[in-house]
Each structure stands twice: as C-alpha cells, then as structure tokens.
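Using UniProt numbering, read the sequence shown as starting at 1 and increasing by one per residue.
Structure first, then comments.
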Amino acid sequence: MKVSVILGHPYDKSFNHAIAEKVTSTLARNGHEVSFHDLYQEQFNPIITPQELISDKSDDPLVQFHCNQIKEADGIVIIHPNWWGQPPAILKGWIDRVLRQEVAYTFDAGDSGGGLPIGLLKAKVGVVFNTSNTPVEREINVFGDPLERIWKSCVFDFCGLNHVIRKMYCVVADSTPEERAEWLQDSVNVINEHFPKGNI
C-alpha cells in the first residue's frame, strides 16, 4: 500500500516526532510504500492565496506534490498535537490547500457547492494520532472532543474516507517514561492492525 504520513509539530524532539518515527518505521517494516511529510521541516506554506481560492489550482510546487501524493494514497496517517481543540495552523493550511475540490472531493454537475460532496480519496483507512495535555474526561465532557468531529466527520468523511481510527495520548506533560513507552507501543499496534504485512 501507498501510505501518506503527515506530521504537524514544530519541535523535532517532541513526542509527536517519536510517534512519527515509530509509525514510519513500522509501515516500512510491513512492506508499505511510505511518503513521510514533516510540514514544518518542509516549510509548507499554509496560507492560501485569493487566486488559489477562486481557481482551486495552486502554482506552489510543494502543494501540487502533496495533492498528487494524497490522490494516490491507499492510507493516510496524521500526527499532531491538540492545540485549542484544533490542529496546528500549518496542518489546517495543509487541509485547506491539499484536500481541495477535485483532489479530495467534488460535487455533481450543476452543484455550486451547496449539495452533498462526493469523496474522491482512494484511501481506505485513515489513522489520526493526537497528543494533549488535557485529561480525556475533560476533553470529552467539557470540550466535546472537537478533534474527533474535525477529522472523522468534517474532513475524512467529507472526502469519502469512512474508516478512521483516532488515538489520543494524554496527559503528555505529566507522563512518565513508562507511559510514553506504552503509548509508542500502542501506535505500533495500531499500525500493525490496520496496515499489516502482506496487505500491499
């Protein structure tokens, strides 16, 4: 399988980077073709221009590269921290500029965009790994777990990807080395389950 792994975290010693290393190495070990993108390292520009917005076309070669890869991906893995109940701005910009009309979704002829979208992604499975410093009970009971809705309903379902697994690891700030080791192993287990060997 072709698997796109997208990382959105600015600090290269972060736990998000540790997850990304485990994910990419496990995918490669299982025989999959991995396209890994550290958005900060690539200096991905999250700002969509007025011309790009109205034309649904980008003259940014990096954006085009991402669009071409995401169209061909059989699986997608997203890794990012929970910042204000949202992805970091660079990853939100990636959604805006890459998961665009005629790349990730379209509409029926004559539909100006007010109807139901038709998902175009060929990916059959999406995995989202999040980290947070908010206890899970508070995240769910007080905030309503917005990242669950963003990724499963607002993004992936819109683009035709219905098999989505999301894992939240928290509280990272107070975690022990043993807890972090368990979370990393869990990320490996998730990848092994949904992107096993031989499924290529």
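Ideal placement from N, C-alpha and C gives every residue a C-beta, glycine not left out.
Rounded separation between residue i and residue j - CA only
i    : j    : result
W151 : V128 : 8 Å
N45  : G93  : 7 Å
L161 : G126 : 7 Å
I165 : F156 : 11 Å
E148 : Q51  : 31 Å
F195 : D108 : 32 Å
V136 : K122 : 32 Å
S14  : S175 : 13 Å
R138 : V171 : 11 Å
C67  : S112 : 22 Å
E21  : L116 : 37 Å
P177 : T49  : 43 Å
Y105 : K124 : 15 Å
K57  : A181 : 43 Å
Spatially closest choice to residue i from the options, by CA coordinates
i           : options                 : result
H80         : K167, I191 and K197     : K167
G85         : S25, V142, V3 and D174  : V142
Q69         : A28, P196 and S4        : S4
Q64         : S55, H32, T49 and V98   : V98
I54         : D174, G115 and R100     : R100
L39         : R180, H17 and W183      : H17
residue 212 : M1, D186 and L91        : The question about residue 212 has no answer, for the chain in this structure spans 1 to 200.
W183        : G198, N130 and C154     : N130
L120        : N30, A73 and D59        : A73
Q43         : I19, D60, R29 and S35   : D60
Q41         : L62, N192, I76 and I118 : L62
Extent of the continuous alpha helix (DSSP H) to which residue i belongs
i   : result
D38 : Here D38 belongs to no alpha helix (DSSP H); instead the beta strand (DSSP E) covers E33 to D38.
P50 : P50 to S55
I19 : F15 to R29
Residue i CB to nearest heavy atom of the ligand NAD below 7 Å
i   : result
Y11 : Annotation note on the ligand NAD: not contained in the displayed structure, which lists no ligands.
Supposed close pair residue i, residue j - CB separation, criterion 8 Å
i   : j    : result
H37 : I6   : 5 Å
N82 : T134 : 7 Å
I19 : S187 : 5 Å
K71 : V34  : Rounded, the Cβ-Cβ distance is 16 Å, inconsistent with contact.
Bounding residues of the beta strand (DSSP E) (the contiguous stretch that carries residue i)
i   : result
L99 : First-last for L99: undefined, no H or E at that position.
S4  : K2 to L7
P61 : Per DSSP, P61 belongs to no beta strand (DSSP E); it is in the alpha helix (DSSP H), P61 to E72.
I78 : G75 to P81
Beta strand (DSSP E) runs contained entirely in the region 102–179, provided each spans 3 or more residues: 125–131 and 164–169
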